[in-house]
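For the record, the sequence lines run as chains A and B.
Straight run, no breaks: the first sequence in numbering that gives the first Met the number 0 ends on number 216.
Straight run, no breaks: the second sequence in numbering that gives the first Met the number 0 ends on number 211.
Worksheet for the structure shown next.
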Amino acid sequence: MTEPDSDQSSLTPNGVDLGIKLCLDCHKVCQTEDLRCSRCGSKVCSRKKDSLSRCWALTLAAALLYIPANMLPIMTVSRFEQGRPDTIMSGVMELMHQGMVPIALLVFTASILVPLLKLLGMVWLLTCVHSGAMKPDRQTALYRLIVWIGRWSMLDIFIISILVALVQFGQLGTVTAGPAAYAFAAVVVLTMWAAMSFDPRLLWDQSRKFSLKGERQ
Amino acid sequence: MVKKETILCSEVRLCPDCDLMLKAPVFGKDPAYRQQAVCPRCSCVLESHRPAGIQRCLALVVTGLLLFLPANYYPVLSMDILGNEQQSTIFGGVIALYQESYGAISMLVLLSAILIPLLRLLILLQVMVAAIKGWGRGLSRSLLRLYVHLKEWGMMEIYFLGALVAVIKLADMASVQAGVGLYCFAGLMLCELIISLNLNEHEIWKMLGEGE
């Protein structure tokens, strides 16, 4: 099983079979023996190191923090000394009531839907690598979507930073941040890290391993 | 199986997403088009090329650096309730969060909206001057590596969207106005966007050469 079929590998020659590997920083092709890239000096591995365990750990940590991020108040808007702490969801609802449906949908997507789908997507990709249920082209596309979309969840953090600085009118109105901001920022950063530590090439390795197994049986 | 000895690393590419070995792409010289090399197996964009991209990028980097100062000096938004006016710069948001003892989050905003975008522009300036003139190539290779690593963490376009949402959120509470800072910030953001469309990292890596 260590040697792949010769026709399979000549049709789709993978770097790992040919004794070459890619530097992910500068995209130089290096020999398998090289420890560091001769051009940019970064460490070169054929596959990202401990990709699956790192990715699981970061995804699970983010999933745990997703709970306080949604339960605790994320900011408090007070007018005439009366403060009402808002969670992410109640903030969205309030925007809906004010008739700003598109903005409410935008905030809902960026703050609730995207982190949730990202977590589910990462778990899905990881279970696929473990179980071998492979459609690697689609899964790679999903991975690229997760990487691209993840940063947009920072939207809420930036909105808070702007409101907290701007709305300081004493009795007339103030905005203060809430503890969920910490949890939410951690979710965004951890899911970004999780996506970066995942190696999509594992999807292709697995798919090839399982298709070879299928042919042999 | 292909013999190891036959593989000349300068003539092949490996797809970063699926590890497929491919021939290095050759691009045409017509400057009107942006050309892309795409992996046939997983459709990962391997290289995106635009002739004279470096000159375009250099011009945009200088524009971006010039816009950076007003974007951070002038207020982004100003707001008026019953004659009380309040304005805030981007850095003002960082300070406000810090004073409310949200230090880690204020750091995150400081990095992703101010420092990393600035650092990436400065790195690009040094790297492109090095690529064209050949000064300090070793340093530039390390810097370009940092630039690649910081790609995900510069979030100007998201901050801009956040400012727009904040304007709409506050609209019923008071009269809100976009300041000079926000317009400059939008320009800065556009510069960065067009840079990312024109920058061919492979080409620059090639121009920077290899060690000793």
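Ideal placement from N, C-alpha and C gives every residue a C-beta, glycine not left out.
Asked: Min CB distance S195/B to chain A below 8 Å; Found: no
Asked: Start and end residues, beta strand (DSSP E) containing Q170/A; Found: No beta strand (DSSP E) holds Q170/A; DSSP gives it neither H nor E.
Asked: L104/A vs Q85/B beta-carbon contact at 8 Å; Found: no
Asked: Limits of the unbroken beta strand (DSSP E) element including Q35/B; Found: 34-37
Asked: Proximity winner among M20/B, P24/B, R33/B, L120/B, relative to N197/B (alpha-carbon distances); Found: R33/B
Asked: Interface partners of H201/B on chain A, CB under 9 Å; Found: C25, H26
Asked: Chain A within 8 Å of G92/B, Cβ atoms only; Found: yes
Asked: Cβ distance (whole Å) where A70/B is taken to contact G180/B below 8 Å; Found: 6 Å
Asked: Proximal residues to S206/A (C-beta, below 6 Å), its chain only, five neighbours per side dropped; Found: M133, P135
Asked: Cβ neighbours of Y72/B in the same chain (closer than 8 Å, five flanking residues each side left out); Found: T88, G180
Asked: Of the listed residues L121/B, I122/B, L149/B, D79/B, nearest to A170/B (C-alpha basis); Found: D79/B
Asked: Span separating the alpha-carbon of M99/A from that of A185/A; Found: 28 Å
Asked: Where H96/A sits in the DSSP three-state scheme; Found: helix
Asked: Min CB distance P114/A to chain B below 8 Å; Found: no
Asked: Cβ shell of K208/A (< 7 Å), same chain only, five flanking positions each side left out; Found: none
Asked: Coarse secondary structure for P135/A, derived from DSSP in three states; Found: helix
Asked: Cross-chain neighbours of R83/A in chain B, by beta carbon under 9 Å; Found: Those do not exist, as R83/A stays about 13 Å from chain B at its closest Cβ, beyond 9 Å.
Asked: Under the three-state DSSP convention, the category N199/B falls into; Found: coil
Asked: Any chain B beta carbon closer than 8 Å to L105/A; Found: yes
Asked: Interface partners of M70/A on chain B, CB under 9 Å; Found: None at all; the shortest Cβ gap to chain B is about 18 Å.
Asked: Nearest-angstrom beta carbon gap, V113/A and I148/A [assumed within contact, 8 Å]; Found: 6 Å
Asked: Interface flag, S47/B vs chain A, CB-CB below 8 Å; Found: no
Asked: is_contact[A176/A, chain E] using C-beta, thresh 8 Å; Found: No chain E is part of this structure, whose protein chains are labelled A and B.
Asked: Cβ-Cβ distance between A130/B and L45/B below 8 Å; Found: no
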